[in-house]
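Asks: The structure that follows is given in the form of structure tokens.
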């Protein structure tokens, strides 16, 4: 069964510092990979996704993530944190094999990481 | 504007009183889904629907019902709510999630069952 692990439920950085949020997945076949952000009292907003092709993907708000198959990782980074980046971040995967009983389009989420940005 | 709309946003109710959370999307997506979010657990799928009149259980379906009579609407029904269903609920839709297309989420419904 697929699973997602986000290392660190809380990450604190100073404004202007590098942001690194870690995500590792467990899957026999590389899945589709997503990062979502959740601001207080709002829904989840897609930051970026990896399906195929270039392993370094760029998303909104200056975030990017790199798919590393050998490490089964999809870590999220941003070179310089801004106060407005404070939010909860979720890594999620979905199966990449053909639709069927084992691929229902379900997103499997990590536990989430709360990013705090200090002035 | 493309969006997924949930109502109500907040609800406090009592055990056993039937309630319905509505969900509507304007993107003509065939796939819709409900998730619940609990601290430390991320989001877990309750039910999903691949198309009109086609629904199926997710990972945590107990105590919930859904229906999909029209493409745009996917209500979540709690026939006899219990305190363990106190949670934050999200509706989502997608065009082809099994081909890697992302899911679009509503703003959430916070349910408190007393």
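Protein chains in written order, with my numbering: chain A, 5 to 123; chain B, 191 to 304.
We put the CB at the ideal spot given by N, CA and C, even for glycine.
Are the beta-carbon atoms belonging to residue 204 (chain B) and residue 304 (chain B) less than 8 Å from one another?
Replies: As a working mapping, residue 204 (chain B) is identified with position 14 in the second chain. As a working mapping, residue 304 (chain B) is identified with position 114 in the second chain. Yes; because the gap between Cβ atoms is below 8 Å, this pair is in contact.
Asks: For residue 199 (chain B), does the count of other Cβ atoms within 10 angstroms reach 16, so buried, or fall short, so exposed?
Replies: Counting from one through the second chain, the residue named residue 199 (chain B) turns up at place 9. Exposed, since its Cβ has fewer than 16 Cβ neighbours within 10 Å.
Asks: Under 9 Å between beta-carbons, which chain B residues line up against residue 78 (chain A)? List them in chain order, please.
Replies: The residue you call residue 78 (chain A) lines up with position 74 of the first chain. Under the 9 Å cutoff, chain B gives no residues; its nearest Cβ is about 13 Å from residue 78 (chain A).
Asks: By the 10 Å Cβ neighbour count, where 16 or more other Cβ atoms means buried, how is residue 54 (chain A) classified, buried or exposed?
Replies: Residue mapping note: residue 54 (chain A) aligns to position 50 of the first chain, counting from 1. Classification for residue 54 (chain A): buried.
Asks: Only counting the same chain, and skipping five residues up and downstream in sequence, which positions put a Cβ closer than 6 Å to that of residue 214 (chain B)?
Replies: Within the second chain, residue 214 (chain B) is the residue found at index 24, counting from 1. Non-local C-beta neighbours of residue 214 (chain B) in its own chain, meaning closer than 6 Å and more than five positions away in sequence, comprise 195, 262, 263, ordered along the chain.
Asks: So what does DSSP say about residue 300 (chain B), is it helix, strand or coil?
Replies: As a position in the second chain, residue 300 (chain B) is number 110, starting the count at 1. Residue 300 (chain B) falls in the strand class under three-state DSSP.
Asks: Note down the Cα distance separating residue 249 (chain B) from residue 225 (chain B), rounded to an integer number of angstroms.
Replies: Residue numbering aside, residue 249 (chain B) sits at position 59 when the second chain is read from its first letter. Residue numbering aside, residue 225 (chain B) sits at position 35 when the second chain is read from its first letter. Going from the Cα of residue 249 (chain B) to the Cα of residue 225 (chain B) covers about 9 Å.
Asks: Find the nearest neighbour of residue 17 (chain A) within the set A:89, A:78, A:73, judged by alpha-carbon distance.
Replies: Stepping through the first chain from its first residue, residue 17 (chain A) is reached at position 13. Taking only the C-alpha atoms, the option nearest residue 17 (chain A) is A:89.
Asks: For residue 116 (chain A), does the count of other Cβ atoms within 10 angstroms reach 16, so buried, or fall short, so exposed?
Replies: On the first chain, position 112 is the one that residue 116 (chain A) refers to. Counting Cβ neighbours within 10 Å, residue 116 (chain A) comes out buried, since at least 16 surround it.
Asks: For residue 273 (chain B), is the classification buried or exposed, using 16 other Cβ atoms within 10 angstroms of its Cβ as the cut-off for buried?
Replies: Translated into positions along the second chain, residue 273 (chain B) becomes position 83. When all chains shown are included, residue 273 (chain B) counts as exposed.
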